[in-house]
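**Q** Going by the UniProt record's numbering, the first residue of the sequence shown is number 1, and it counts up by one from there.
Note that beta-carbon positions come from the ideal geometry of N, C-alpha and C, so glycine has one too.
It should be emphasised that the depicted structure is a prediction, and the values quoted were computed from it without experimental measurement.
Structure provided below as structure tokens; questions to follow.
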Amino acid sequence: MVLNRIVGGADSNRGEWPWQVSLKFKSDFICGGSLITDTWVLTAAHCFNSVEVSDYTVYIGAYQLTDLQNPYTVSRDLKRIIVHPDFMYEGSSGDIALIELVEGVNSTSNILPVCLPSQDVQFEEGTKCWVTGWGHIREGTPLGDPKTMQEASVGLIDGAICEVMYHKSLGYFGNGQIIQEDMVCAGYKEGQIDSCQGDSGGPLVCNVNNVWLQYGIVSWGLGCARANMPGVYTKVQYYAAWIEQYADTVIFSQGGPRKELSIGTTANQVGVGNSTETIQNFSTNFTTNATEPRVEFVKSVENGGKTQRLSLIIIAIIILCVLCSFSW
Numbered sequence: 001m002v003l004n005r006i007v008g009g010a011d012s013n014r015g016e017w018p019w020q021v022s023l024k025f026k027s028d029f030i031c032g033g034s035l036i037t038d039t040w041v042l043t044a045a046h047c048f049n050s051v052e053v054s055d056y057t058v059y060i061g062a063y064q065l066t067d068l069q070n071p072y073t074v075s076r077d078l079k080r081i082i083v084h085p086d087f088m089y090e091g092s093s094g095d096i097a098l099i100e101l102v103e104g105v106n107s108t109s110n111i112l113p114v115c116l117p118s119q120d121v122q123f124e125e126g127t128k129c130w131v132t133g134w135g136h137i138r139e140g141t142p143l144g145d146p147k148t149m150q151e152a153s154v155g156l157i158d159g160a161i162c163e164v165m166y167h168k169s170l171g172y173f174g175n176g177q178i179i180q181e182d183m184v185c186a187g188y189k190e191g192q193i194d195s196c197q198g199d200s201g202g203p204l205v206c207n208v209n210n211v212w213l214q215y216g217i218v219s220w221g222l223g224c225a226r227a228n229m230p231g232v233y234t235k236v237q238y239y240a241a242w243i244e245q246y247a248d249t250v251i252f253s254q255g256g257p258r259k260e261l262s263i264g265t266t267a268n269q270v271g272v273g274n275s276t277e278t279i280q281n282f283s284t285n286f287t288t289n290a291t292e293p294r295v296e297f298v299k300s301v302e303n304g305g306k307t308q309r310l311s312l313i314i315i316a317i318i319i320l321c322v323l324c325s326f327s328w
């Protein structure tokens, strides 16, 4: 039996995650995102192979993508797309973008902006957070009809530990940094539960004192739900000033007494525990695997003249050299 879900997740309930949006490019649903004010959506930079706003539509309040003509869902055209200037390619730093809607939306039980964490909020390793979306249920397997929004609980993983996990899994033992300072990891050492292709741009939210705060944006990963290869997310706090520069009415919160939304289902939570055996055989294509974007087709953004951190370039070159040596 095939279960229609984020890898290791479950069907959500309607209105359970009222900030989740779906981004449509022409005739295809390509990414998720989060409503952060009545007119602004937060998503991933790699979702845009074009910044032509007429190519895109945002659906807010959606639950099942095969049923968008209902009283709970609204669609909006885009006024502008703002891709962060540091973004250069899938898996790089700066994988964050803002969408301004042509027309604002009203808050309802199914449509509500998510709060963003203030700089002083600390997210501890092992904290159980939630990722949502309509992405693949496993590598290469799209979510089946009626395409119900999926949810999964994932544990936060310390950046240094995540770095070691990826170095071992890639068979790379140099000093180059893979998990950059604007990235966070979530999942489990054993794999099994993860976001996947098509979930890109969607929110990773954590409950802090009964307030849901968006800690991350689905960015990239090596496959989906593989052991020792947790999902990698853009760290929202890192870009707080940049976000506020445009979406000046966004709410940054430390958490507080706001009423907690109910969670209809609980995903199987595999503890972080001890590391299982690392994967020794790595795919020969670094570009499409090691930094595989969580989208269903490859995209690129033309950022002419933008400069990427030198460390990322060095990492890519070193790992490519290592892989080439294996092929001989």
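List the whole-angstrom C-beta distance separating R138 from V236, where the pair is believed to meet the contact cut-off of C-beta under 8 Å.
**A** With a Cβ gap of about 27 Å, R138 and V236 do not count as contacting.
**Q** Mapping DSSP to helix, strand and coil, what is D86?
**A** Of the three classes helix, strand and coil, the one that applies to D86 here is coil, per DSSP.
**Q** For the alpha helix (DSSP H) that I243 lies in, which residues bound it at each end?
**A** Element bounds for I243: A240 to Y246.
**Q** Shortest alpha-carbon distance to L98 belongs to which of E90, D158 and G32?
**A** Of the listed residues, the one whose Cα sits closest to L98 is G32.
**Q** Please identify the residue among T57, D38, A247 and L116 whose C-alpha is closest to the C-alpha of V208.
**A** The option with the nearest alpha carbon to V208 is L116.
**Q** I'd like to confirm the pairing. Which residues does DSSP put opposite Q214 in its beta bridges?
**A** Note: Q214 sits in a beta bridge opposite V205.
**Q** In whole angstroms, what is the alpha-carbon distance linking I111 and V41?
**A** For I111 and V41, the distance between alpha carbons rounds to 12 Å.
**Q** Considering only DSSP beta bridges, list what R138 is partnered with.
**A** Per DSSP, T141.
**Q** If the criterion is Cβ atoms closer than 8 Å, does the pair G201 and I179 meet it?
**A** Taking 8 Å as the Cβ cut-off, G201 and I179 do not qualify as a contacting pair.
**Q** Out of G231, T39, A45 and N106, which one is the CA nearest neighbour of V154?
**A** The option with the nearest alpha carbon to V154 is G231.
**Q** Where does A152 fall in DSSP's three states?
**A** Looking at A152 - three-state DSSP - the assignment turns out to be strand.
**Q** Do the CB positions of W19 and P146 come within less than 8 Å of each other?
**A** No.
**Q** Would you check if the region 73–90 and the region 49–62 touch, i.e. whether three or more CB-CB distances between them fall below 8 Å?
**A** Yes, the region 49–62 is in contact with the region 73–90.
**Q** Per DSSP, which one or two residues make a beta bridge with D11?
**A** Its beta-bridge partners are Q150.
**Q** Can you tell which of G221, A247, W212 and N228 has its C-alpha closest to the C-alpha of V121?
**A** The residue with the shortest Cα to Cα distance from V121 is W212.
**Q** What residues match up with Y59 in a beta bridge as DSSP calls it?
**A** In the DSSP output, where bridge partners are listed per residue, Y59 has S22 and S75.
**Q** Tell me which same chain residues have a C-beta within less than 8 Å of the C-beta of H84, skipping the five on either side of it?
**A** Within the same chain, H84 has close Cβ partners A45, G94, D95, I96, A97, Y239 and W242.
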